[in-house]
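Numbering-wise (this note's numbering), the sequence shown opens with residue 268 and increments by one. For every residue, glycine included, the Cβ atom is placed at its ideal position computed from N, Cα and C.
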Amino acid sequence: MDAPTQQERHNFQAEVVQLLDLMIHSLYSNKEIFLRELISNASDAIDRLRFASHTEPGVEVGDDPLRIHVGVDKDARTITVRDNGIGMSRPEVIDNIGTIAKSGTREFLNALTGDQRKDATLIGQFGVGFYSAFIVADRVTLTTRRAGLPAAEGVRWESDGRGDYAIETVERPEQGTEIVLHLRDGEDDLLNDYRLRTIIRTYSDHISLPILMAGEEDEAEESVVNRASALWARPKSEISESDYTEFYKHVAHDFSDPLAHLHARVEGAYEYTLLLFIPSRAPFDLWVPEVRRGVKLHVQRVFIMDDTGQLLPRYLRFVRGVIDSNDLPLNVSREILQSSRIVDSIRSSAVKRVLRLLKEMADNDAEKYGTFWREFGAVLKEGVAEDYSNREAIARLLRFTTTKSAGDEPDVSLADYVERMKDGQEKIYYLLAPSAAAAKSSPHLELFDKKGIEVLLLSDVVDTWLVTSLQDFEGRRLQSIAQGAADLGALEDEAEREASEKAATELAGLVERLKTALGDKVFDVRSTTRLTTSPACIVANEPDIELNLTRRLRGTGAPSQPILEINPDHPIIRRLNGESDDRRLSDWAHVLYDQSILTLGARVDDPAAFVDRLNTLLMAD
Ligand code: ADP
Ligand code: MG
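Set out below in structure tokens:
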């Protein structure tokens with residue numbers, strides 16, 4: 268390095284400035300959480316050092332015991348948090364402390380309202396972290412050295428949290444990080460030793476490393492403030508609800524309380540402990556592929572690594588917490604995890620327990636489950652396709668909006684649906700549509716509404732996969748009402764069947780003429796009993812579902828083999844049956860077709876031609 272102590276000033280990324288400002292104002296009423304955040308980071312840094320000491324040549328845990336120090340200097344008006352964890356290199360400081368790399372940052376900032384209470388909730392969802400130091404400090408100095416780098420490559424970072432920061436390379440004999448907060452005017456209450464101990468016990472008691480503070484009388488007399496034992500290893504009777512909550516906030520990097528947790532010590536062929544949480548809000552990166560999962564693997568209480576997909580399946584990626592095995596080796600690698608019988612066994616029991624926890628929530632607290640479903644339902648749906656062995660259990664957890672739902676909230680389970688099925692109804696009917704609004708107003712529902720038959724309204728992107736992989740529930744087939752001929756089986760009576768056959772015969776000529784007029788546009792034209800108030804609708808040819816899926820993903824929403832169905836009782840159709848002018852009939856055919864495409868929530872191929880034809884027909888009348 269040319270100039271090892273060269274000092275540079277860097278501007279914060281614009282988003283950081285915005286976030287800092289927001290944080291200072293909206294979180295002020297909760298200002299003491301800065302200490303929790305810094306201790307949480309210190310604890311993570313020590314966990315990462317332990318892991319790196321097994322995997323990175325040159326990285327070693329030092330001679331001093333691993334611990335976190337919190338110090339107060341009343342004269343200098345500073346609070347110091349120090350760890351002997353992994354530390355940071357100069358580029359790491361710039362990346363981790365000067366920028367926000369989280370995806371979704373822009374969207375997050377746009378969602379801010381200027382209302383402090385709302386913004387505080389949002390910011391919590393986004394994560395608070397290091398910057399919370401600026402709630403109470405007008406200058407923060409961070410000195411650090413990455414484990415494995417020479418003493419000459421320490422880094423000193425300093426900022427007043429406004430627009431920029433200074434960074435320089437310094438000599439630092441010990442690895443790890445020290446953060447000094449220069450308190451703002453008026454924050455002297457935080458210089459109180461007792462106050463700090465109380466804050467630490469309230470928010471950080473669950474940290475498994477010792478958090479030390481110097482004695483008030485004797486500086487050298489340090490004492491451990493927290494319990495310093497892994498929370499999940501303590502007897503349940505000694506853990507309070509708020510211990511669980513604070514632990515959750517640490518592992519999940521979340522600011523909001525969790526929705527539920529499960530804590531189980533399993534003994535048998537293998538011994539392990541699960542402490543798993545369901546968050547109450549979806550993180551911003553829930554839909555970003557390949558983001559880290561939320562469960563941390565420990566071996567005998569020592570952090571080993573973040574789950575990369577071995578511990579919980581993708582569709583449970585919202586679960587946060589800790590899995591601690593007594594049987595895996597401390598130097599376990601990703602490769603070993605991938606082929607480990609122990610891990611397989613832990614995984615399958617963890618999945619079953621999470622699904623059971625969700626079932627209990629659904630059975631006992633519908634409102635809570637409603638929150639869960641709103642945040643994570645679309646992710647859980649993936650499980651139907653992904654996890655064959657738990658398909659039945661997952662299917663019971665699904666919730667849908669149906670034609671019988673009170674509002675737009677998905678509040679109907681498949682079991683509710685089955686219980687309400689009409690006498691003689693054999694299938695579970697659903698309608699796929701590009702949006703909830705398009706589903707609700709679809710002409711395909713007309714016959715079902717008339718007969719009072721409930722229909723599931725599906726408009727999530729994953730729903731197409733869901734119905735292709737679920738196929739049936741408790742022996743009842745799932746059937747699209749926009750696919751194939753309208754066949755209600757035993758729900759149709761003899762008179763209705765006769766009437767529909769008679770109508771088909773009467774309309775045979777019209778059907779042929781419409782087919783000729785529409786040519787390649789349609790796979791077929793036929794008369795239907797499906798409609799009561801609309802003149803026509805589009806349905807998909809039966810084996811069309813795969814193609815339909817790709818279309819839907821491309822956003823056009825129309826099936827690839829469309830069948831135009833016409834309503835024999837509708838005045839337009841009756842009048843068309845006597846239409847002698849081929850030109851007018853052709854205009855009508857195209858208008859009916861395009862209308863039907865529009866009611867699917869899809870786009871017509873040639874909107875201008877549609878409008879032209881419509882106007883021609885309107886002027887003729
Ligand atoms: P988060 O902890 O959610 O990642 P933070 O804002 O708390 O977000 O911290 C940002 C990053 O800064 C951390 O991910 C880590 O890489 C780094 N960092 C913060 N504090 C320390 C520390 N004491 N030791 C090492 N790295 C740290
Ligand atoms: Mg943090």
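#1: Report the three-state DSSP secondary structure of P710 (helix, strand or coil).
#2: State whether the stretch 434 to 452 contacts the stretch 404 to 411, with contact taken as three or more CB pairs (one from each stretch) at a distance under 8 Å.
#3: Using CA atoms only, rank isn't needed, just tell me which of R744, I353, N844, P701 is closest to R870.
#4: How big is the Cα-Cα spacing for E304 and V395?
#5: Confirm the yes/no value for this check: CB of E686, any heavy atom of the ligand ADP, distance under 7 Å.
#6: Which residues in the same chain have their Cβ closer than 8 Å to the Cβ of D654, if we skip the five residues on either side of it in sequence?
#7: Alpha helix (DSSP H) containing E445: first to last residue?
#8: Just to confirm the assignment: which complete alpha helix (DSSP H) runs, minimum length 4, are found wholly within the stretch 341 to 388?
#9: Applying the criterion that 16 or more other CB atoms from any shown protein chain within 10 Å of the CB defines a buried residue, is E813 buried or exposed?
#10: Restricting to runs no shorter than 4 residues, where is the alpha helix (DSSP H) found entirely within the stretch 678 to 736?
#11: Hey, would you say the C-beta of G396 is under 7 Å away from at least one heavy atom of the ligand MG?
#12: Give me the Cα-Cα distance between L816 and E649, rounded to the nearest whole angstrom.
#13: Looking at the structure shown, is P802 part of a helix, part of a strand, or coil, going by DSSP?
#14: In the structure shown, what three-state DSSP assignment does A281 receive?
#15: Would N882 be called buried (16 or more neighbouring beta carbons within 10 Å of its own) or exposed?
#16: Is DSSP giving L816 helix, strand or coil here?
#17: Can you check DSSP and say which residues form a bridge with Q907?
#18: For G535, which of V806, E765, I613, E773 has the nearest alpha-carbon?
#19: Could you pull out every residue in the same chain whose Cβ sits closer than 8 Å to the Cβ of I467, ignoring the five residues on either side in sequence?
#20: Kindly indicate which three-state DSSP category Y511 falls into: helix, strand or coil?
#21: Assuming contact is defined by CB atoms lying nearer than 8 Å, are L865 and T799 in contact in what I supplied?
#22: Can you tell me whether DSSP reads V651 as helix, strand or coil?
#23: Using the rule of at least 16 other Cβ atoms within 10 Å of the residue's Cβ for burial, across every protein chain shown, is S802 buried or exposed?
#24: Is the beta carbon of T444 within less than 7 Å of some heavy atom of the ligand ADP?
#25: Taking all protein chains shown into account, do 16 or more other C-beta atoms lie within 10 angstroms of the C-beta of P502, making it buried, or fewer, making it exposed?
#26: Which two residues bound the contiguous beta strand (DSSP E) that contains R920?
#27: Say whether the stretch 436 to 447 touches the stretch 412 to 420, bearing in mind that this needs 3 or more beta-carbon pairs closer than 8 Å, one atom from each stretch.
#28: Consult DSSP for P525 and reduce its assignment to one of helix, strand or coil.
#29: So, using beta-carbon positions, are L597 and Q577 closer together than 8 Å?
#30: Is it the case that the CB of H277 approaches a heavy atom of the ligand ADP more closely than 7 Å?
#31: Give the single residue among S747, L376, G352, L831 whose Cα lies nearest to the Cα of D787.
#32: Closer than 6 Å by C-beta to A652: which residues in its own chain qualify, once you throw out the five before and the five after it? Chain order, please.
#33: Out of Y684, L553, D431, L664, point me to the one whose CA is closest to K671's CA.
#34: Just verifying my parser: in three-state terms, what is the DSSP assignment at Q252?
#35: Whole angstroms is fine: what's the gap from H530's alpha carbon to A309's?
#36: Keeping to the same chain, check which residues put their C-beta closer than 7 Å to that of R821; ignore five residues upstream and five downstream.
Looking at the atomic coordinates:
#1: Position 443 of the sequence shown, counted from the start, is the residue given in the question as residue 710. If DSSP states are grouped into helix, strand and coil, P710 belongs with the helices.
#2: yes
#3: Sequence index remark: in the sequence shown, residue 870 carries index 603 (1-based). Looking at the Cα atoms, P701 is the closest of the given residues.
#4: Residue numbering aside, residue 304 sits at position 37 when the sequence shown is read from its first letter. Residue numbering aside, residue 395 sits at position 128 when the sequence shown is read from its first letter. Between the alpha carbons of E304 and V395 lies a distance of about 7 Å.
#5: Working through the sequence shown from its first residue, we reach residue 686 at position 419. False, no ligand heavy atom lies under 7 Å from that Cβ.
#6: In the sequence shown, residue 654 corresponds to position 387, counting from 1. Around D654: P580, Y582, V618, I661.
#7: Here the question's residue 445 lines up with position 178 in the sequence shown. Segment 443 to 450 is the beta strand (DSSP E) holding E445; no alpha helix (DSSP H) there.
#8: 357 to 365, 372 to 377
#9: To locate residue 813, count along the sequence shown from 1; it is residue 546. The pLDDT assigned to E813 is 47, lower than 50, so where the model puts this residue is not dependable; a value taken from the coordinates is nonetheless given after this. With fewer than 16 other CB atoms across the displayed protein chains lying within 10 angstroms of its CB, E813 is exposed.
#10: 681 to 687, 703 to 707, 713 to 718
#11: Position 129 of the sequence shown, counting from 1, holds the residue named residue 396. Taking 7 Å as the cut-off, the C-beta of G396 counts as close to a heavy atom of the ligand MG.
#12: Translated into the one-based positions of the sequence shown, residue 816 becomes position 549. Translated into the one-based positions of the sequence shown, residue 649 becomes position 382. Low per-residue confidence applies at L816: pLDDT is 48, beneath 50, and the placement is therefore not dependable enough to give any value.
#13: As a first step, residue 802 must be located in the sequence shown, where it is residue number 535. Correct three-state label for P802: coil.
#14: On the sequence shown, position 14 is the one that residue 281 refers to. Here A281 sits in helix by DSSP.
#15: Residue mapping note: residue 882 aligns to position 615 of the sequence shown, counting from 1. Classification of N882: exposed, given that the 10 Å Cβ count is below 16.
#16: Reading the sequence shown from its first residue, position 549 is the one you call residue 816. Unreliable placement is indicated for L816, whose pLDDT of 48 sits below 50; the coordinate value is still reported in the next sentence. L816: helix per DSSP, three-state reduction.
#17: In the structure displayed, the chain extends from 268 to 888; residue 907 sits before or after that span and is not available.
#18: Counted from its first residue, the sequence shown places residue 535 at position 268. G535 has its Cα closest to that of I613, out of V806, E765, I613, E773.
#19: Here residue 467 is taken as the residue at index 200 of the sequence shown, counted from 1. Result list for I467: L302, I306, V337, I478, M480, V492, N493, in chain order.
#20: For this step, residue 511 is matched to residue 244 along the sequence shown. Correct three-state label for Y511: helix.
#21: To locate residue 865, count along the sequence shown from 1; it is residue 598. To locate residue 799, count along the sequence shown from 1; it is residue 532. No, the Cβ-Cβ distance between L865 and T799 is not below 8 Å.
#22: The count along the sequence shown starts at 1 and reaches residue 651 at position 384. Helix, per DSSP.
#23: Along the sequence shown, one-based indexing puts residue 802 at 535. A small fix is needed here, since residue 802 is Pro in this sequence, not Ser. Label assigned to P802: buried.
#24: Counted from its first residue, the sequence shown places residue 444 at position 177. Yes.
#25: Walking along the sequence shown from the start, residue 502 turns up at place 235. So P502 counts as exposed.
#26: Since the first residue of the chain shown is 268 and the last is 888, residue 920 is not available in this structure.
#27: yes
#28: Here residue 525 refers to the residue found at position 258 when the sequence shown is read from its first residue. P525: coil per DSSP, three-state reduction.
#29: Counting from 1 along the sequence shown, the entry for residue 597 is found at position 330. Counting from 1 along the sequence shown, the entry for residue 577 is found at position 310. It is not a contact, given that the beta carbons lie outside the stated cut-off.
#30: As a working mapping, residue 277 is identified with position 10 in the sequence shown. Not under cutoff, so the answer is no.
#31: Position 520 of the sequence shown, counting from 1, holds the residue named residue 787. Of S747, L376, G352, L831, the residue nearest in Cα terms is L831.
#32: Numbered from 1 along the sequence shown, position 385 holds the residue referred to as residue 652. Cβ neighbours of A652 beyond the five flanking positions: W732, S736.
#33: Position 404 of the sequence shown, counting from 1, holds the residue named residue 671. Nearest of Y684, L553, D431, L664 to K671, Cα basis: Y684.
#34: This structure cannot settle anything about residue 252, because the visible part of the chain is limited to 268 through 888.
#35: Translated into positions along the sequence shown, residue 530 becomes position 263. Translated into positions along the sequence shown, residue 309 becomes position 42. Taking the CA atoms as reference points, H530 sits about 25 Å from A309.
#36: For the purposes of this step, residue 821 is taken as the residue at position 554 of the sequence shown. Residue placement at R821 cannot be trusted, given a pLDDT of 48 that sits under 50; what the coordinates show is reported in the next sentence. So the list is empty, once near-sequence residues are dropped.
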